[in-house]
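*Asks:*
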Amino acid sequence: MSDQIILRLDGQDYPLPLEQGAENERAIDISSLRADTGLITLDSGYANTGSCRSAITFVDGEQGILRYRGIPIEQFTQHPNFIEVAWLLIFGSLPNRQEYDGFAGDLTAHANLDEGMKLHFEGFPRNAPPMAILSAMINALSCFYPELLELDDTSRFRLAAARLISKIRTIAAYAYRHSQGDAYNYPNPRLAYVSNLLHMMFSHPYQERECDPLVREALNLLFILHADHEQNCSTSTVRIVGSSKANLFASCAAGVCALWGPLHGGANIEVLRMLERIHNGHMTPEDYVQQAKDKTNDARLMGFGHRVYKNRDPRAEILGRQAEKLLAYMGQDDPLLNIARKLEEIALEDPYFKQRNLYPNVDFYSGIIMRAVGIPTNMFTVMFAIGRLPGWIAHWWEQNQRGQNRIARPRQIYDGNTITDYVPMDERG
Ligand code: ACO
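To convert a position in the sequence shown, counted from 1, into the working numbering, add 621.
1. So is the beta-carbon of ARG977 under 6 Å away from any non-hydrogen atom of the ligand ACO?
2. Excluding the five sequence neighbours on either side, which residues of its own chain have a C-beta within less than 7 Å of the C-beta of GLN641, listed in chain order?
3. If you reduce the DSSP assignment to three classes, tell me which class PHE679 lands in.
4. Let me know if SER653 comes out buried or exposed under the rule of 16 or more other beta-carbons within 10 Å of its beta-carbon.
5. Compute the distance between the beta-carbons of ARG928 and GLY685, then report whether it is under 7 Å.
6. Relative to the C-alpha of VAL994, which candidate in PRO746, ILE754 and LEU819 has its C-alpha closest?
7. Can you tell me the Cα-Cα spacing of THR998 and SER672, whole angstroms?
8. Starting from the N-terminal side, write out each stretch of the alpha helix (DSSP H) that is 4 residues or longer and does not extend beyond the stretch 864 to 902.
9. Tell me the residue span of the beta strand (DSSP E) that contains ALA648.
10. Considering only C-alpha positions, which residue in the set ARG690, GLN1033 and ARG942 is nearest to LEU663?
11. By Cβ distance below 7 Å, which residues in the same chain neighbour VAL862 in space, the five residues on each side in sequence not counted?
12. What three-state label does DSSP hand GLU644 in the structure shown?
13. In whole angstroms, give me the CA-to-CA distance for ALA794 and MET821.
14. Please tell me whether, using a cut-off of 6 Å, the distance from the CB of ARG811 to the nearest non-hydrogen atom of the ligand ACO is below it.
15. Let's test the definition: count the other Cβ atoms within 10 Å of the Cβ of GLY988 and tell me whether it reaches 16, buried, or not, exposed.
16. Helix, strand or coil for ILE661? Go by DSSP, reduced to three states.
17. Please list the terminal residues of the continuous alpha helix (DSSP H) segment that includes ILE989.
18. For ILE704, which of GLY682, LEU728 and ILE694 has the nearest alpha-carbon?
19. Is the separation between the beta-carbon of GLY886 and that of LEU893 shorter than 7 Å?
20. Does the distance from the CB of PRO701 to the CB of ALA848 come in under 7 Å?
21. Can you tell me the Cα-Cα spacing of LEU843 and GLU695, whole angstroms?
22. Looking only at its chain, what residues have a beta carbon closer than 7 Å to the beta carbon of TYR986, apart from the 5 residues adjacent to it on each side?
23. Do LEU710 and TYR689 count as a contact pair if the criterion is CB distance below 7 Å?
24. Nearest to VAL910 by CA position, among GLY802, LYS963, VAL680 and ARG1030, is which residue?
25. Determine, for GLY1012, whether the minimum Cβ-Cβ distance to residues of chain D falls below 7 Å.
26. On a CA-only basis, which of GLY802, GLU829 and VAL815 is nearest LYS788? Give me that one, please.
27. Looking at the secondary structure, which residues open and close the alpha helix (DSSP H) in which ILE789 lies?
28. When every heavy atom of the ligand ACO is checked, does at least one fall within less than 6 Å of the C-beta of MET1004?
29. Pull up the distance between the alpha-carbon of ALA730 and that of ASP650, whole angstroms please.
30. Comparing C-alpha positions only, which one of GLN1022, LEU922, ASP1042 and MET1046 sits nearest to ILE677?
31. PHE697 bridges to which residues according to DSSP?
32. Taking the continuous beta strand (DSSP E) assigned at ILE1028, which residues delimit it?
33. The beta strand (DSSP E) with LEU630 in it runs from where to where?
34. Looking at the ligand ACO, does it come within less than 6 Å of HIS885, judged from the CB to the closest heavy atom?
35. Examine the ligand ACO and report whether any of its heavy atoms sits within less than 6 Å of the Cβ of MET991.
36. Is the Cβ-Cβ distance between LEU637 and LEU630 less than 7 Å?
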């Protein structure tokens, strides 16, 4: 097998090295292309661009494979533990008992927010988008931990990671409490990660929110399935911001903003709106699918399609099953789950979706689970962000550790005016 390809331009040959990954995926290294030939590459949406080497997550979109540090995602479904997976992604291997207890202890110790942080919440309108609050408050952490702005050793990085993973949950809960006009609940050090989140979101002085074991399992699984997905839009954003040597808090705050959009994490809200519209009788599932195929409007079948998966998204498969298990356990019959199943059935038989390899993605069933647990729709993308945070942290750290943070700075093909004279105001038409 050749380890280079030859680019022939104006009769001259330019050898370009080939790179190969651990799973035999191949890439052309074009880093010398412009210097040698004056050419750049043009790749809309970076669909064919490898931005880095990474050892965190492997996705094979053709075969529907997702692995964290080599472990197939399906293997986390038996006894899902989000904290264990967070450690795995960030530090590279499953934690031993001592590492796990130490990290879980750090999460408990650092769950609380500085009282000064609470004043910021008061300034937000009650109906402020929770993703805006989340991003702002993660960035605000930079002000409270100046000693964690430069992370050059593993122990300080570990502390910053623990603070962030713990506090994002408190920030999310406080954003929700603020929107409800309710007093904030302090974190309870006796509760584990998911139970504590539900406590901070939903407990009242007269009624403690208990966390049922199956709810805990479902939310742990939901967070795990969202925890990383290699160079997706928000993770690439975190890497790009981090490449300027911006601190971990600022980089992750930017990741929240990227995740917010309806084509990325915000799709989980749009899926639920779509299912509710159908349920409320505004459209049949058949009508909706028809509309999603119509190129004269912008409607899409939300929760369907993926840049990388051209086969089933394994996360959607697992979450679909988990939604059914949870609803059966709770004795609920959510009509939205039936509508989702119907949409999936219609779309998977439809030539439009078949030809384009469009399948349900992670957002298609996640909302049904969150709804069953009582998470309000406008908090869905915040839940996604809590899950994705370990992935962002892992990529930020990997980039730093590998010295990969050459500042990210793509080029462009300029197609504006050629040289044009300045015209004084009085002489303009
Ligand atoms: N409904 C209808 N048509 C679709 C859909 C959809 N959900 N997704 C893609 N298509 C069509 C496109 O219109 C396009 O058709 P064309 O070839 O006739 O022009 C073709 O399929 C290819 O789609 P692209 O937009 O080029 O695919 P891309 O990789 O750029 O986008 C994306 C992927 C953004 C996920 C897209 O499938 C989409 O918008 N899905 C709905 C939103 C969604 O669920 N987002 C969550 C993604 S997962 C995540 O971020 C966690």
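A virtual CB, placed ideally from N, CA and C, is assigned to each residue, including glycine.
*Replies:* Concretely, from the data shown:
1. Under cutoff, so the answer is yes.
2. Once the five neighbours on either side are set aside, the close Cβ partners of GLN641 are ARG647.
3. DSSP places PHE679 in strand when its eight states are reduced to three.
4. Classification for SER653: exposed.
5. No, the Cβ-Cβ distance between ARG928 and GLY685 is not below 7 Å.
6. VAL994 has its Cα closest to that of LEU819, out of PRO746, ILE754 and LEU819.
7. If you take the alpha carbons of THR998 and SER672, they lie about 34 Å apart.
8. Qualifying alpha helix (DSSP H) stretches, in chain order: 869 to 881 and 888 to 900.
9. In this chain, the beta strand (DSSP E) harbouring ALA648 covers 647 to 649.
10. Checked all of ARG690, GLN1033 and ARG942; the closest Cα to LEU663 is GLN1033.
11. Excluding positions up to five away in sequence, the list reads ALA871, SER872 and ALA875.
12. If DSSP states are grouped into helix, strand and coil, GLU644 belongs with coil.
13. When rounded, the distance between both Cα atoms is 6 Å.
14. In terms of side-chain proximity, the C-beta atom of ARG811 is found no nearer than 6 Å to any non-hydrogen atom of the ligand ACO.
15. Buried, because 16 or more other Cβ atoms sit within 10 Å of the Cβ of GLY988.
16. Looking at ILE661 - three-state DSSP - the assignment turns out to be coil, as it is neither helix nor strand.
17. Start and end: 984 to 994.
18. Checking every option, the nearest Cα to that of ILE704 belongs to LEU728.
19. No; because the gap between Cβ atoms is not below 7 Å, this pair is not in contact.
20. Not closer than 7 Å, so no.
21. Taking the straight line joining both Cα atoms gives about 12 Å.
22. ALA937, LEU940, GLY941, ALA944 and ALA961.
23. Judged by their CB atoms, TYR689 and LEU710 are nearer to each other than the 7 Å cut-off.
24. It is LYS963.
25. This model lacks chain D altogether; it includes just one protein chain.
26. Comparing alpha carbon positions, the residue from GLY802, GLU829 and VAL815 closest to LYS788 is VAL815.
27. Here the alpha helix (DSSP H) through ILE789 covers 775 to 801.
28. Relative to the ligand ACO, MET1004 has its C-beta separated by 6 Å or more from all heavy atoms.
29. Each residue's Cα considered, the two are about 45 Å apart.
30. For ILE677, the closest C-alpha among the options GLN1022, LEU922, ASP1042 and MET1046 is that of GLN1022.
31. The partner list for PHE697 (beta bridge, DSSP) is empty, contrary to what the question assumes.
32. ILE1028 -> no beta strand (DSSP E), and no H or E assigned at all.
33. Here the beta strand (DSSP E) through LEU630 covers 625 to 630.
34. Distance from the C-beta of HIS885 to the nearest heavy atom of the ligand ACO is below 6 Å.
35. MET991: no, Cβ never under 6 Å from the ligand ACO.
36. LEU637 places its beta carbon 7 Å or farther from that of LEU630.
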